[in-house]
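> In the working numbering, the protein residues as written are 69 to 618. Okay, here's the structure, questions in a sec.
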């Protein structure tokens, strides 16, 4: 297989035109059969008058060695096209061979977000028959429940934007980018599984892959059905309230799980993939021999702009429709040392009420696969650290929960300011610390909203940092600081405020048999990295234990 990188093609080209260029680069005649696949596709928009795609492709020809040697001799071709030729290395994922230890009970996975589902997929595929416990509903019912909440405001604390099959990522843009280093090809395996379960094939090569809520609901449902076909089990409305354990010579050891209805499930292995909003689970863990530590995260507001304005700035006013809604990614280090950055940017998306507790408001961004709403939205968030949480410490509470108290204080303030719905404010009114109205940018939301003053929701240093960040970003995207841009709040669930410590080799916590996993445990940030962590935990279990036979 020959890999060709840095192939440049104009926007609007056909597949045949791309193949013709591949043939010219390799000097392969039109009557000679070749097979080729796209490995990566990105947009080069540095010159708005000359937009182009950049491809990496892999080509299978009848005589690879002869073809690449001939292309090397014709060096002028490579220079004229500006491409890089190499022999492609096979990149495949390999699950470890099973271990020898016998399992007395099947593994139990708490949570069916990306971490839990992908851990369950791998364990079920290889004969471990996992039991997945989810406190919310299956994806189809959850979608209806969430839509009812957005329409009526009636919240179900067990099933909402944060909880239910698919996890919080189901109601998001469905981005699949990750910065995690991946020498084991777990990332590619995650994408392959998504495609196998109904995801579009373009995610395998797009430089900015995303699924959208409409695809994710169907994909997680397909994953669950396959897990069940392999012998796994998924139970809904099964909320874990307690971990059972005993003190033994080798230390504290997990013995079982207690559900909210009183049922006890015996198990030696629990994969805790509870998500970043499992606050009562974190509280429960503080009473157990489980080491927790506070973790930095980020909070802020979500900002909306007209998508056309973002498109014009990113691609130019004459960009063809095939490019779709333009994304952006912005970051700035402020003079006070804090970082402010865009997070979970949703081109052509919606701002959604993502509350999971009564009398609290948290927002998130969501897009469908088509990304066709009139607004772009993104969180603008500021990094916060454990020393920032100390002012929110509650007497009698473990200090490791201070980050949660910090989140709750802002979410309660947002609820009050918005009078029970999402508070919305023009950027100019935010600067002037006043309640105003709506200007040229109309809110594109799922759930109710009210005009309100968002400054009292945030500590002063966060509000000031956001103002500075918006002005800095306007130098990168002209119009970003427009007066009519809309803030909504509060964006408080960017990542877990807690990390459950685990052994770097066997991935168990200080309670033997408990495997902290995914974003809630503090080891991931987003759909793909959480899924990869779920796979990593499944590998660790499989390497030690034989498949479950009972």
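Beta carbons: idealized from backbone N, C-alpha and C, even for Gly.
1. Looking at residue 378: is its Cβ nearer than 8 Å to the Cβ of residue 444?
2. Hey, out of 537, 453, 474, whose CA is closest to residue 462's CA?
3. Looking at residue 387 and residue 65, is the spacing between their C-beta atoms short of 8 Å?
4. Give the list of continuous alpha helix (DSSP H) stretches no shorter than 4 residues that lie fully inside the stretch 475-524.
5. Is residue 30 buried or exposed, if buried means 16 or more other CB atoms sit within 10 Å of its CB?
6. Pull up the distance between the alpha-carbon of residue 155 and that of residue 411, whole angstroms please.
7. Touch check for the stretch 128-136 and the stretch 91-101: three-plus C-beta pairs under 8 Å?
8. Go ahead and pull the three-state DSSP assignment for residue 421.
9. Could you tell me whether any non-hydrogen atom of the ligand FMN is closer than 7 Å to the CB of residue 392?
10. Among the candidates 309, 200, 317, whose CA atom is the shortest distance from the CA of residue 332?
11. Is DSSP giving residue 225 helix, strand or coil here?
12. Could you tell me which of 183, 303, 117 sits nearest to residue 201, measuring between CA atoms?
13. For the candidate residues 242, 265, 212, 134, whose alpha-carbon lies nearest to that of residue 276?
14. Are there 16 or more other CB atoms within 10 angstroms of the CB of residue 427, so buried, or fewer, so exposed?
15. Is the beta carbon of residue 599 sitting closer than 8 Å to the one on residue 163?
16. The beta strand (DSSP E) with residue 397 in it runs from where to where?
17. Quick one: Cα of residue 601 to Cα of residue 395, how far?
18. Residues in the same chain with beta-carbon distance under 6 Å from residue 240, minus the five sequence neighbours each way, listed in chain order, please.
19. Which two residues bound the contiguous beta strand (DSSP E) that contains residue 373?
20. Helix or strand or just coil, what does DSSP make of residue 107?
21. What's the gap between the Cα of residue 458 and the Cα of residue 590?
22. Taking the beta carbon of residue 329 as the centre, do at least 16 other beta carbons fall within 10 Å, making it buried, or is it exposed?
23. Per DSSP, residue 304 forms a beta bridge with which residues?
24. If you reduce the DSSP assignment to three classes, tell me which class residue 189 lands in.
25. With a threshold of 8 Å on Cβ separation, who are the neighbours of residue 205 within its own chain once the five nearest residues in sequence on each side are excluded?
26. Let's test the definition: count the other Cβ atoms within 10 Å of the Cβ of residue 343 and tell me whether it reaches 16, buried, or not, exposed.
27. With H, G and I counted as helix, E and B as strand and the rest as coil, what does DSSP make of residue 70?
28. Just reading off the alpha helix (DSSP H) that residue 602 is part of, what are its end residues?
Judging by the given coordinates:
1. yes
2. 474
3. Lying outside 69 to 618, the shown extent of the chain, residue 65 is not represented and no answer is given.
4. 495-499
5. The structure shown does not extend to residue 30, since the chain is modelled only from 69 through 618, so no value can be given for it.
6. 37 Å
7. yes
8. strand
9. This structure lacks the ligand FMN; in fact it carries no ligand of any kind.
10. With distances taken between Cα atoms, residue 332 lies closest to 309.
11. coil
12. Of the residues 183, 303, 117, the one whose Cα lies closest to the Cα of residue 201 is 303.
13. 242
14. Answer is exposed; the Cβ neighbour count stays below 16.
15. no
16. Where residue 397 is concerned, there is no enclosing beta strand (DSSP E), given that its DSSP letter is neither H nor E.
17. Approximately 26 Å, taken between the alpha carbons.
18. 434
19. 365-374
20. In the three-state scheme derived from DSSP, where H, G and I count as helix and E and B as strand, residue 107 is classed as strand.
21. One C-alpha to the other measures close to 20 Å.
22. exposed
23. 202
24. helix
25. For residue 205, the CB contacts under 8 Å within the same chain, skipping 5 residues up- and downstream, are 213, 227, 232, 233, 304, 305 in chain order.
26. buried
27. strand
28. 595-612
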